[in-house]
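Numbering (the UniProt record's numbering), first residue to last: 1 to 394.
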């Protein structure tokens, strides 16, 4: 299968890299061409990958090698024009998120892809985050979601606001798990360092009764990528960046038995006044510290005398008194993997098998629709609050 990448900026360069890595791994794909209007950038790509680079999609289709599929990683405002040309030429397309800048453009791409029986996948990358893939079978009926996505300010992606730049990742994930129509949106946001909204807080209520809170900022001093799911008897936290899961559940019959490693740590504390912090963290996140002992530690924390008495009870534990209700903590193993590579491999599999992609164009359209509703709600709030000058400077 021969592929091309349209747009070789920050996202496009990563698509080039992954396609070439798959080519070198004999995965049945060949990086055959690219599209880049900037002459300097085009020359760099041509030199690095030894492929022809064309200034426009028209030139690629007219004069380039035969292409079967393509990634579209141009600025959002050009998604529709570029993807439409490729679909009309009979190519399967992976278009970066958001699918388009407007719903009418998204609807047009959906119609073109369906009419031509072409694969059109939207690049909602977090769907392929190993932590997200691992959490799905663990959830039964999530009723509350809390998302935080914070980034340090950079001049990248300033053609869109923070909702289409960052928050849309979490909108797509929550829409997938909530699986319910949206009933109400409340949203506030402000431009801070750019002409578009840089920080936003959103509350979405679904017809099913689910509620989701979203916070997104690209003017933070730290990088945070977290999503929390709450459902009866269970709380699950995803750290997108670390690709980790933390599962906290009600345990009706937890053991009060002291693990040998914990008893050894208590003996060390009594002798030296120090706990082996790394070992305790490992026990905690692997769910090996029984809930009753966690409760006892919580009561003793901050009081040296109580901590010493607690350590002594661990070092010389009495016979187990039987189960007691409490919480269990687990940090399930997550299969490692690069989300972009998993995304592209999934796209290529859909191209080969003609199966529906994991992130369909209609799902991408749904995420865009919610994002645009959030934008409209923020603008309406700005007018009501007398903040229109922030949004619409003279």
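The beta-carbon is built from N, C-alpha and C at its ideal position, and this holds for glycine as well.
Query	Result
Extract the residue ranges of the alpha helix (DSSP H) inside the stretch 97-145, only unbroken runs of 4 or more that lie entirely within it.	103-116, 130-135
In this structure, does DSSP put residue 309 in helix, strand or coil?	helix
Roughly how many angstroms separate the alpha carbons of residue 11 and residue 307, rounded to a whole number?	51 Å
Answer with buried or exposed for residue 171, where buried requires no fewer than 16 other C-beta atoms within 10 angstroms of its C-beta.	buried
Can you list, in chain order, the residues of its chain with a C-beta nearer than 8 Å to that of residue 346? Leave out the 5 residues immediately preceding and following it.	121, 128, 357, 358
For residue 100 versus residue 124, is the C-beta spacing smaller than 9 Å?	no
Would you call the stretch 138-157 and the stretch 207-220 touching, i.e. three or more CB-CB distances under 8 Å?	yes
With DSSP collapsed to three states, give me the class of residue 338.	coil
DSSP three-state call for residue 153: helix, strand or coil?	coil
Please give the ranges of any beta strand (DSSP E) in the stretch 58-82, keeping only runs that are unbroken, at least 3 residues long and fully inside the region.	69-72
Along the chain, where does the alpha helix (DSSP H) containing residue 45 start, and where does it finish?	39-49
With DSSP run on the structure shown, which of helix, strand or coil describes residue 205?	strand
Which one or two residues does DSSP pair with residue 396 in a beta bridge?	This structure cannot settle anything about residue 396, because the visible part of the chain is limited to 1 through 394.
Mapping DSSP to helix, strand and coil, what is residue 299?	helix
How about residue 341 and residue 18: are their beta carbons less than 9 Å apart?	yes
Using DSSP's beta-bridge definition, name the partner residues of residue 212.	145, 204
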